[in-house]
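Heads up: the structure comes next, in structure tokens.
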Amino acid sequence: MTSTAEPALAATEPTPLADYLGSVLRQLRPLPPLDLDLTQAYGNVLAEDVLAPHDYPAFDHAAIDGYAARLEDLSGPQRVRLNVVGDIGAASWRPVRLTPGTCFSVAAGAPLPHGADVVVPAGWTDQGMAAVEIRQIPKRGHGIRRAGEEFAAGTRLARAGTEVNSALVAVLAATGLGHVVVRPSPRVVIIATGDELVDVGRVSQPGQVVDASSHALAAAAVEAGAMAYRVGICDDDPEALRGLLEDQTLRSDLIVTTGGTGTGPGDMVRRILSRWEGNRGDVSFTDVALFPGTALGFGTVGAEEVPVICLPGDPGTALVGFEVLARPAIQLLGGAEPVFRPSVRAHLLDTLSSPPGLREFRPAHVAERRGGGYTVQPLAGGPYTLAGLAEANGLLVLGERVTSATAGSTVDVLLLNRRR
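With the UniProt record's numbering, the residue at position 48 of the sequence shown is 48, and numbering never jumps.
Encoded structure:
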């Protein structure tokens with residue numbers, strides 16, 4: 001049996017995660033849309049439906065190299081001979097017309113001559129230049145792409161909320177669009193707090209802890225589609241933290257802090273931000289029914305009322321908090337739909353215990369089963385969540401009322417595909 005150390009329960013019942021998450025997301029709105037050139041729109045989310053302004057293909061053309069002909073001229077003997085009256089390349093623009101008993105040599109992409117209803121592949125002929133012998137008769141429409149065959153003008157090419165990827169860029173460009181209206185990528189500032197923190201490149205010692213959390217959260221924010229800015233370590237100094245937060249509101253759509261969310265003697269973020277007076281900030285801290293990590297903060301800072309999310313300092317716990325709270329917030333700000341990770345139901349391979357009253361998110365490895373469905377192998381959780389996350393492609397979810405899940409039972413798993 002794989003066991004999980006149970007945390008000490010708070011004196012009051014923690015807030016259900018679903019209630020807390022819903023209350024946070026209801027306070028956020030997608031960022032105002034921007035009109036961007038296609039080359040800049042990649043990775044952003046469409047702010048409105050996109051309709052095709054023109055047919056695609058824009059004109060009838062040859063889909064293959066060969067000979068454009070009239071099918072009625074190909075009926076009769078097993079082998080047919082036609083006069084080749086010209087060549088048409090992809091750059092040709094002058095209109096031409098077929099007459100009975102003739103054909104044109106055409107390149108793939110070349111506009112069709114008027115009257116042509118078939119393109120005979122070059123390999124089905126003797127590839128003659130002045131006259132060509134056709135040895136195999138194709139069906140009507142073979143080798144031809146008609147105007148509007150793939151997208152007619154007015155066709156919806158993509159819905160609002162769709163991420164602009166390379167294939168969609170090609171579709172938009174092909175139908176005549178040079179720019180689209182998108183939600184900008186959220187600018188997310190990451191701040192690590194704590195007198196004990198030192199930067200990477202060294203080993204933790206008594207009284208010093210290497211700041212892994214802010215580096216991990218910056219990477220997670222980029223994976224979520226944000227432009228991330230890690231501003232380094234802020235000591236537990238009230239004025240320094242307030243000043244840093246106010247400075248960062250000028251370049252951020254969301255601020256994420258890590259560390260100091262608990263109620264211990266060194267948890268200064270909770271003390272400082274929950275007592276911030278005036279219009280400089282309004283941040284509330286809540287004990288949420290979440291494991292690992294129950295103490296989360298949310299509110300706004302600065303005159304611009306930039307949202308701020310406060311996560312615990314432990315890197316594994318911070319990453320779980322990011323997945324549960326910060327990632328959906330980034331998705332919402334960026335206009336993505338849906339805002340949550342996809343999930344599957346999977347057969348549990350090991351028996352697990354889980355702390356009562358808390359919704360546990362445990363690193364796991366998900367695999368497809370032969371014949372359909374999924375299995376899920378739990379990885380290290382609880383105080384060892386960081387080690388588990390390094391190998392995980394999913395987060396196994398055990399609800400607040402689940403204290404034990406037996407091997408062979410079916411559980412929910414969030415899929416961590418490491419992509420938006």
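Using N, Cα and C, we set each Cβ at its ideal position, and we do this for glycine too.
| Check | Outcome |
| --- | --- |
| Apart from the five residues on each side of it in sequence, which residues of its chain come closer than 6 Å, Cβ to Cβ, to P356? | T403 |
| Let me check understanding here. Comparing Cα to Cα, which of V80, P77 and T102 lies closest to G86? | T102 |
| State the Cα-Cα distance for the pair V344 and G373, rounded to the nearest angstrom. | 9 Å |
| Do P315 and L254 come within 8 Å of each other at the CB atom, strictly closer than that value? | no |
| If you compare alpha carbons, which of P363, E72, M268 and V169 is closest to L348? | P363 |
| Using a Cβ-Cβ cutoff of less than 7 Å, which residues in the same chain neighbour D267 once the five nearest sequence positions on both sides are dropped? | G260 and T261 |
| Measure the alpha-carbon distance for A221 versus R146 and round it to whole angstroms. | 44 Å |
| Would you be able to state if there are at least three C-beta pairs under 8 Å between the stretch 282-297 and the stretch 318-327? | yes |
| Curious, which full-length beta strand (DSSP E) runs of at least 3 residues does the stretch 50-109 contain? | 66-69, 80-88 and 102-106 |
| Take every Cβ of the stretch 78-97, pair it with every Cβ of the stretch 162-176, and state whether three or more of those distances are shorter than 8 Å. | no |
| Can you give me the start and stop residues for the alpha helix (DSSP H) that T222 sits inside? | In the sequence as presented, Thr is not what sits at residue 222; that position holds Val. That run of the alpha helix (DSSP H) goes S213 to E223. |
| Count the other C-beta atoms from every protein chain shown that fall within 10 angstroms of the C-beta of N417, then say buried if there are 16 or more, exposed otherwise. | exposed |
| Grouping DSSP H, G and I as helix and E and B as strand, with all else coil, what is L349? | coil |
| Taking V256 as the reference, give the member of L311, V269 and P342 with the closest Cα. | L311 |
| Starting from Q27 and walking both ways along the beta strand (DSSP E), at which residues does that stretch end? | First-last for Q27: undefined, no H or E at that position. |
| So is H114 buried or exposed if we call it buried at 16+ other beta carbons inside 10 Å? | exposed |
| With P363 as the anchor, note down where its beta strand (DSSP E) starts and where it stops. | R359 to E368 |
| Can you grab the Cα-Cα spacing for the pair P22 / P16, in whole Å? | One point to set straight first is that residue 22 is Gly, not Pro, in the sequence displayed. Near 10 Å, if we compare the C-alpha coordinates of P16 and G22. |
| Ignore the nearest five residues each way along the sequence and tell me which others in Q208's own chain have a CB closer than 7 Å to its CB. | E196 and V198 |
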